[in-house]
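Visitor: Add 1141 to the 1-based position in the sequence shown for the working numbering, that's all there is to it.
No residue lacks a Cβ here, since even glycine has one placed at the ideal position from N, Cα and C.
Sharing a structure, written as structure tokens. Questions coming.
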Amino acid sequence: MFTKNLSKSYKKIKEIDLKFNIFKKKCSVIEFGSNKSGWTQYILKKSKNILCIDKKIINKIICSSIKYIEIDMFNIFNILNFKKKFNVVVSDVCHNISGIKDLDSFEFIKIFNFFYLNIDKILLKKGNFIFKYFNKLITKKKIIKIKKYFKTVKNIKLKTSKKKSSEFFLICKKFK
Ligand SMILES: C[S@@+](CC[C@H](N)C(=O)[O-])C[C@H]1O[C@@H](n2cnc3c(N)ncnc32)[C@H](O)[C@@H]1O
């Protein structure tokens, strides 16, 4: 069911979890940008249930504890009221990079703002939030604004990311 490429994503989320202990036993998780299920494969081992959101879902893991919604994340509130919030919110969302910096930057800031403005509607108190972003497309100064919502916020580059990559992760723990 899974291709070799998936192991890259799997290793990344594993590296984050081993370092920061994100997924507590039996936690509930909402995963934005789940696509080929690389992250889902790892999270499944740690969580009670996962809700996977992506505008295009390629690989589904057939398992009673995983639900999939194929939708543009910006429309999620049209179909979900989040009566039940989640212990962990993760985002590996990335649009198709055009190479036009202003355009790509605009798209990434839109993704960040979605979480910045709505995290309280999705995440339970004391919950954790992981956000993938690219350094050149969104400034650290901007994303650090989210610091006020969490007990700790760390910006990290992973060992499992390519050395030249500008891929960074924001690790936000204990939502206030
Ligand atoms: C890097 S891939 C995710 C890979 C995935 N975490 C894995 O392990 O296989 C980024 C994903 O973000 C999704 N995406 C981009 N914009 C989106 C949007 N507005 N709504 C939902 N998903 C979106 C893309 O469809 C793509 O599947």
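#1: What does DSSP give as the partner residue(s) for Leu1264 in the beta ladder?
#2: Check whether the region 1170 to 1190 touches the region 1222 to 1241, counting contact only when three or more Cβ pairs, one atom from each stretch, lie closer than 8 Å.
#3: From the DSSP output, read off the bridge partner residues of Leu1192.
#4: Tell me, which residues are paired with Ser1232 by DSSP?
#5: Per DSSP, what kind of secondary structure is Thr1181 in: helix, strand or coil?
#6: What are the start and end residues of the alpha helix (DSSP H) that includes Phe1218?
#7: Use the C-beta contact count for Leu1192: other C-beta atoms within 10 angstroms, 16 or more gives buried, fewer gives exposed.
#8: Starting from Lys1303, follow the beta strand (DSSP E) in both directions and report where the run begins and ends.
#9: Indicate the three-state DSSP secondary structure (helix, strand or coil) for Phe1249 in the structure shown.
#10: Out of Ile1154, Lys1281, Glu1156 and Lys1317, point me to the one whose CA is closest to Asp1261's CA.
#11: Please classify Asn1254: does DSSP put it in a helix, a strand, or coil?
#12: Would you kindly work out how many angstroms separate the C-alpha atoms of Ser1336 and Lys1208, rounded to a whole number?
#13: Which residue's Cα is closest to the Cα of Asp1185: Gly1268, Ile1171, Lys1197 and Asp1195?
#14: Taking its Cβ as the centre, do 16 or more other Cβ atoms sit within 10 Å of Met1142, making it buried, or is it exposed?
Guide: Quick answer:
#1: Phe1227
#2: yes
#3: BP columns for Leu1192 point to Ile1171 and Lys1208.
#4: Phe1173 and Phe1272
#5: helix
#6: Ile1217 to Ile1220
#7: buried
#8: No beta strand (DSSP E) contains Lys1303, which DSSP labels as neither H nor E.
#9: helix
#10: Restricting attention to Ile1154, Lys1281, Glu1156 and Lys1317, the CA atom closest to the CA of Asp1261 is found in Lys1317.
#11: helix
#12: Since the displayed the chain opens at 1142 and closes at 1317, residue 1336 lies outside it and no answer follows.
#13: Correcting the residue identity first, residue 1185 is Leu in this sequence and not Asp. Distances from the CA of Leu1185 to each of Gly1268, Ile1171, Lys1197 and Asp1195 were compared; the closest alpha carbon is that of Ile1171.
#14: Residue confidence is low: Met1142 scores 49 on pLDDT, short of 50, so the model does not pin down where it sits. No coordinate-derived value is stated.
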